[in-house]
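Enquirer: Provided herewith is a single structure, encoded as structure tokens, for subsequent inquiry.
Protein chains in written order, with this note's numbering: chain A, 26 to 630; chain B, 26 to 630.
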């Protein structure tokens, strides 16, 4: 089992833990202390050893910040978590300011004594965050001060879990598509072109991509926690806990890099900071402030994005081949689940958790599942309208006739990462459900069929997914698509299809296409496939080359929810062609009643 | 006559003028000198007295920069002008680097001696431009230095025309919709909210809007050249040449402001710069560097956008009423022109200039025309494919059978500014012309019929105008829409429908809707109407309020160019409804053969 359904709230422990932290603050001569959700790698997931915010406050969400002052304390979370946080923390200890996170400084200005010294762990905030916060606090007469020892860890003491030491595995070049040496040379070319001598890499998925390695240091994303320093010429140095390396993997890495203990990283940074005239590239928006400090401060550095990010986003031929294979395999597993669900749903005995477990079972039966790529969202009825819903034993609901089930899930296979959402009618859906499902579907098709010239950014495509909803005075409050890794993070930048998606799309990028609609207290709808940006090509009679999407996901879209009258001919043709292709590609992997179910599900509209 | 068709190139004068400038540079102890197209108001149009770039280089385009070094000299223009500049300047004197303008510093680094001092007139560059250029030149060992006396003016001498002193006229509150005192109070509220004591206003159209005045200091835009300083409390001060004011207008202004001579402005800025603790707001991207200098430099200032810009963009009820009336009047004039054109085009005697003159004649016959709102673009055949084409006697072409005429024109009436483009078939158009016209029309309709929620920006709508073209591998290289003033600038910010349109659209904003297609060497197509953002409203059955556009322009779209088979039913309905409305609104203003023509032009598809 990869997913747990415990209801984890333990607000009763919060007061004592905050007291212990305050004791440590006095010892460290700090008036206030900041506790973020991030660890030193700034990823979406953190290992149990870095769940400091959760330990201190009880809050288990994926983003947040606690400020503990001498008397007042506040816990800042975004709109997704306003309900959840009340259940999980002790509201007698933590104020829950109803503010966007950039107002944190404002709260501190009002609630902390003048001249207060605010401590923070320099490994848990990026250099960019510290710069902005320093300025905002200075304007309010407060001083921000890095504290070397993490004060939560001191208070946590022996109960704190050890840092993860999951074994590193080599990612075969057959799947990676490019030798690590070739990738390293490409990054070095970039440094040469940008006239830089070194780059410090701090993002685990960049490092995994560069060295063709994978690991298991956090849930769901097969990343290795490590740092690296890459010179413009010569071998890069990888800083990693040696306990994670077998002799075989060590040899795989040593072919292209020098391996050093994780503890050597800080020493090496300081040495680099002392080389006169060295041009060291660092991304202040992703690297910890502590790294910038040890390199000698921002003036010694060249600001620049991690060069691996864009290279990793553009999948090569082997990665694309892998993604296609992974999606056929995953499609068959999801289809088997859907066939099972259709048979069982009417029993009245299924609930949201059963669906998560069964779906995972069908994926495990492929024999190739490494991990699910995130905690499955299984929301029936009103739970489907909670965009970031995660079912637990307390919220679990039975599937009822006349309701919708929104199921958003994904898998990590060694050849590719999947992410799919299907909305399924349990019993007979209402006319309104069918109308809204069809509007979402029109948006989904508008993205799937878009053609667009070089230079088009995700921001330029996002409105296509919304037009049919806007027409009816409806919308959804999330982006339409995120980038997806190759057996790496299921949320991967820099590209996105969203209101903020300013990065130009390039052939080889993989994104999700997931418009939705949510009726609060009633039901949620989302239709998500992954799409691959195809190479530029000439259209007959056209002048400019255009790109388009290949849909990678192969699972039928619930025909019972489609109101055919709302679709135009091109849209109907797309659905029929999509279903024909699903049957074509996934059908051969099935037999018996599963195949019969798929044939019915893929019938022409 | 408002438009001239002279072919103005006089490259033979350039060498002597540059010599004279170099003499002045030596006297001023300057090694190089920058000559921009802008004047101290940073507008799109400059008066003859400020046509320094044109005097020095011969180049008559609306944007450019000359750099004159001790030996080398270069003239930088953007892609629109690469052909024109070769005909107008002396290429033995000026190099024409094929570079986007931000590479100016690069050229200077390579072509000017190390340690060179580069002079510039601090009134002709914005504070923001000077900041960026100082940094870029410093990196190349060059020093930027403000020179008080304009060295082109010195060389130009007595031949330089005097600065304009067009009479100021009061803009009646019946048309402005709001008393100047009310507008001033609104700006003062903004300053109070932003905790600022003063704002320096440098944009002529902001000043005209604020004080309800209009003028004639430049072509086409009825603006007054003046500056203003507005305190958070008390009367604003308007700095203006008194020769522009009649006693009556003086009284109109003095009801709300103190009038000072233009020459008092600098003195007043210095005085303001000396008030300890004064919080003075200035927009470094629109205000001249000289103003920032006199206020004591950037550290003494609060950076902030000119608060009039957004207020001016959102038209009030009276301005909207005026815009509607102006468009009916203008529509009738354009329809009479089109009826005339249809009758005469086959004679083979018409040319591009005749069309400009006749169109202007019909507009003058309304008895209400103040000015055309820009030089008419009248491009037949291949000239239509030149996006910024301005016909002159040298480029003028006869209208020929089987060709298209692209006609982009507008009028200034006291109650509103218009801007319309129609593409007209002369004789029988080809199937390709009709196909491409219809694709552009699909984009135009997609904007005209869009519904969108609060917070939608122009960048979110722009792709709707392109989708049908992208589908066929086609596109156009300009924005889809710009803001339009109320008897003010025909290009007005901050809103736009474009790749860079990050400002949220608000009810009351007026924009153009003008997708196009250009086939180089063959023909150009553009369909432009002005649209008004309607108030938010609930859609039946919807949840979120949405905005939409009211099309203001009432002139038929050439049915001979529409390929009905390429339109869907909703698109056909839109065209038929649009034409029915044109006939309904403009028909009563016409009679005889004009009305008969309109009835035919507005027939159902």
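For each residue, glycine too, the CB sits at the ideal point set by N, CA and C.
Let me check one thing: in DSSP terms, what residues is residue 508 of chain B bridge-paired to?
Expert: Looking at the DSSP assignment, residue 508 of chain B forms a beta bridge with B/517, B/536.
Enquirer: Hey, would you say residue 436 of chain B sits closer than 7 Å to residue 386 of chain B, going by beta carbons?
Expert: no
Enquirer: So which residues on chain B does residue 485 of chain A lean against when the C-beta distance must stay under 8 Å?
Expert: 484, 487, 488, 524
Enquirer: Output the boundary residues of the beta strand (DSSP E) element that contains residue 554 of chain B.
Expert: 554-558
Enquirer: Apart from the five residues on each side of it in sequence, which residues of its chain come closer than 7 Å, Cβ to Cβ, to residue 474 of chain A?
Expert: 599
Enquirer: Output the distance between the C-alpha atoms of residue 277 of chain A and residue 270 of chain A, rounded to the nearest integer angstrom.
Expert: 10 Å
Enquirer: The beta strand (DSSP E) with residue 242 of chain A in it runs from where to where?
Expert: Per DSSP, residue 242 of chain A belongs to no beta strand (DSSP E) and is neither H nor E.
Enquirer: Determine which residues of the stretch 497-513 of chain A have a Cβ less than 9 Å from any Cβ of chain B, and write them out in chain order.
Expert: 497, 498, 499, 500
Enquirer: For residue 478 of chain B, decide whether its Cβ has a neighbour in chain A, counting only Cβ atoms nearer than 7 Å.
Expert: yes
Enquirer: Quick one: what's got a C-beta closer than 6 Å to residue 231 of chain B's C-beta in the same chain, skipping five residues either side?
Expert: 331, 333
Enquirer: Could you list which residues in chain A have their beta carbon closer than 7 Å to that of residue 564 of chain B, in chain order?
Expert: 497, 498
Enquirer: Is the shortest distance between the beta-carbon of residue 569 of chain B and the beta-carbons of chain A less than 7 Å?
Expert: yes
Enquirer: So with CB distances below 8 Å, who are the chain B contacts of residue 593 of chain A?
Expert: 593
Enquirer: Go ahead and label residue 630 of chain B buried or exposed: buried means 16 or more other beta carbons lie within 10 angstroms of its beta carbon, across all protein chains shown.
Expert: exposed
Enquirer: Count the other CB atoms, across all protein chains shown, that sit within 10 Å of the CB of residue 204 of chain B; report buried if there are 16 or more and exposed otherwise.
Expert: exposed
Enquirer: Specify, as a first and last residue, the run of the beta strand (DSSP E) that residue 148 of chain B falls within.
Expert: Element bounds for residue 148 of chain B: n/a, residue is neither H nor E.
Enquirer: Tell me, which residues are paired with residue 448 of chain A by DSSP?
Expert: Answer is A/431.
Enquirer: Can you tell me where the alpha helix (DSSP H) holding residue 363 of chain A begins and where it ends?
Expert: 342-369
Enquirer: Distance, Cα to Cα, residue 222 of chain B vs residue 303 of chain B?
Expert: Looking at the two C-alpha atoms, the distance is approximately 6 Å.
Enquirer: Look up residue 52 of chain A in the DSSP assignment and say whether it is helix, strand or coil.
Expert: helix
Enquirer: Give the secondary structure of residue 402 of chain B by DSSP, where H, G and I count as helix, E and B as strand, and everything else as coil.
Expert: strand
Enquirer: Using the rule of at least 16 other Cβ atoms within 10 Å of the residue's Cβ for burial, across every protein chain shown, is residue 371 of chain A buried or exposed?
Expert: With fewer than 16 other Cβ atoms within 10 Å, it is exposed.
Enquirer: Assuming residue 535 of chain B contacts residue 557 of chain B (C-beta within less than 8 Å), just tell me the rounded distance between them.
Expert: For residue 535 of chain B against residue 557 of chain B, the beta-carbon gap comes to about 5 Å, under 8 Å, which counts as contact.
Enquirer: What does residue 376 of chain B pair with, by DSSP beta-bridge criteria?
Expert: B/423
Enquirer: With a threshold of 16 other CB atoms inside 10 Å of the CB of residue 285 of chain B, please say whether the residue is buried or exposed.
Expert: buried
Enquirer: Check for me: the alpha helix (DSSP H) holding residue 255 of chain A runs from which residue to which?
Expert: Counting along the chain, residue 255 of chain A falls outside any alpha helix (DSSP H), though it belongs to the beta strand (DSSP E) covering 252-256.
Enquirer: Touch check for the stretch 425-434 of chain B and the stretch 520-538 of chain B: three-plus C-beta pairs under 8 Å?
Expert: no
Enquirer: Just reading off the beta strand (DSSP E) that residue 99 of chain B is part of, what are its end residues?
Expert: 98-101
Enquirer: In this structure, does DSSP put residue 453 of chain B in helix, strand or coil?
Expert: coil
Enquirer: Going by the DSSP bridge assignment, what does residue 59 of chain B pair with across the sheet?
Expert: B/92
Enquirer: Out of B/86, B/118, B/85, B/627, which has the shortest C-alpha to C-alpha gap to residue 680 of chain B?
Expert: Beyond the ends of chain B as shown, which are 26 and 630, falls residue 680 of chain B; an answer cannot be given.
Enquirer: List the residues that DSSP assigns as beta-bridge partners of residue 576 of chain B.
Expert: Answer by DSSP bridge pairing, in chain order: B/556.
Enquirer: Compare the C-beta of residue 614 of chain A against all C-beta atoms of chain B and say whether one is closer than 7 Å.
Expert: no
Enquirer: Going by C-alpha to C-alpha distance, which of A/481, A/488, A/457 sits closest to residue 469 of chain A?
Expert: A/488
Enquirer: My assumption, with CB atoms under 8 Å, is that residue 84 of chain B sits in contact with residue 120 of chain B. Please give the rounded CB distance.
Expert: The distance from the Cβ of residue 84 of chain B to that of residue 120 of chain B is about 13 Å, inconsistent with a contact at the 8 Å cut-off.
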